[in-house]
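Protein chains in written order, with the working numbering: chain X, 1 to 146; chain G, 1 to 146. What follows is a short report on a single structure.
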DNA sequence: CACAAATGATTAGTATACTAACTAAATGAC
DNA sequence: GTCATTTAGTTAGTATACTAATCATTTGTG
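Rendered as structure tokens:
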């Protein structure tokens, strides 16, 4: 009944605000969980992409994570400094950079396998509900990404 | 059937990835829409909070937007430089900083009122579906924010 | 009332994340 | 076969966003 709820500009009505705030908040939950692995959340996502396939090019990782190469470039250098991956030019196409896990990078996976369950537990939400939300977000991503 | 879909670390299974990617992608849609107003997306959210109530303290805005004062401080200075608001110490409590819209800040609202419809149109999604997603995200925010 | 504790904002330092501009390498048109 | 075009990454510049440390003011305790 208040004017606020009818107002299209009311903060609490904005999908973009709910999205931005939830994203920051959930990523914030990962911080203490990922700290023992020496990873930030974006770095964790890069590692997930490499555990699925390695080596991959910067372009390929960027397409998987929807990140610009300009964002990935320094991020990958930090992971290289941490000893988790190597970066070297592709022999067949010198423009491409192959990013490949090191032994340390591969073995970090064991610790990472414990992460998802810890997050779900801290969230205290139903897994089925979380999967529903994930699917809605994937749909939203497709609509905005076109 | 592939091992990937059973893998708890598969990128496409992560709520956090869907959340981060959708957030960046949707915020990216706002960029061309907000550019004519001279606002970034976080600045737009600050303006939404001030159109609801002005003046407000930095603390108060931070609680509404779930942003740290350290994030808001430089952001508010930019909006002050843009002439959209003023910043001055509260008379009754000199620790607090009152943030108040200027005439230019108030009048920008007219242009901003056209923003939500433009985004919905570009997304091409059902408004009811978007509201469902927003409510799920609000729920997720509450679970992660505790 | 003096002084420790708490509160509100700022500053410093690190890490994303974007666009735009640039470099180097490969492709394609003629 | 040469040269314009395209493609892959990097660099520069700006704006978030966080934690930790700091500063100033206010509150609360004895």
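Each residue gets a CB set at the ideal place from its N, CA and C atoms; glycine is no exception. On a predicted model such as this, the values are computed, not experimentally measured, just so you know.
Counting only runs that start and end inside the stretch 66-106 of chain G, the alpha helix (DSSP H) elements of at least 4 residues fall at 69-81. For the 9 Å CB-CB criterion, residue 23/G and residue 23/X form a contact.
The Cβ-Cβ distance between residue 64/G and residue 84/G does not fall below 9 Å. Spanning the alpha carbons of residue 54/G and residue 39/G requires a straight line of approximately 18 Å. When 7 Å is used as the limit between beta carbons, residue 138/X is near these residues of chain G: 18, in chain order.
The C-alpha of residue 137/X is placed about 42 Å away from the C-alpha of residue 90/G. Straight-line measurement puts the Cα of residue 120/G at about 30 Å from the Cα of residue 77/G. Judged by their CB atoms, residue 87/X and residue 75/X are not nearer to each other than the 9 Å cut-off. In this structure, 82/G is the residue among 82/G, 135/G, 133/G, 130/G with its C-alpha nearest to the C-alpha of residue 102/G.
Of all residues in the stretch 112-135 of chain G, the ones placed with a Cβ closer than 7 Å to any Cβ belonging to chain X are 112, 113, 116, 123, 124, 125, 130, 133, 134, in chain order. By the criterion of at least three beta-carbon pairs nearer than 8 Å, the stretch 30-44 of chain X is in contact with the stretch 109-119 of chain X. Cβ atoms of residue 25/X and residue 144/G come within 8 Å of each other, at about 4 Å.
Nearest Cα to residue 140/G within the set 132/X, 142/X, 62/X: 132/X. Residue 59/G sits exposed, since fewer than 16 C-beta atoms from the chains shown fall within 10 Å of its C-beta.
Looking only at 127/X, 46/X, 100/X, 128/X, the smallest Cα-Cα distance to residue 68/X is reached by 46/X.
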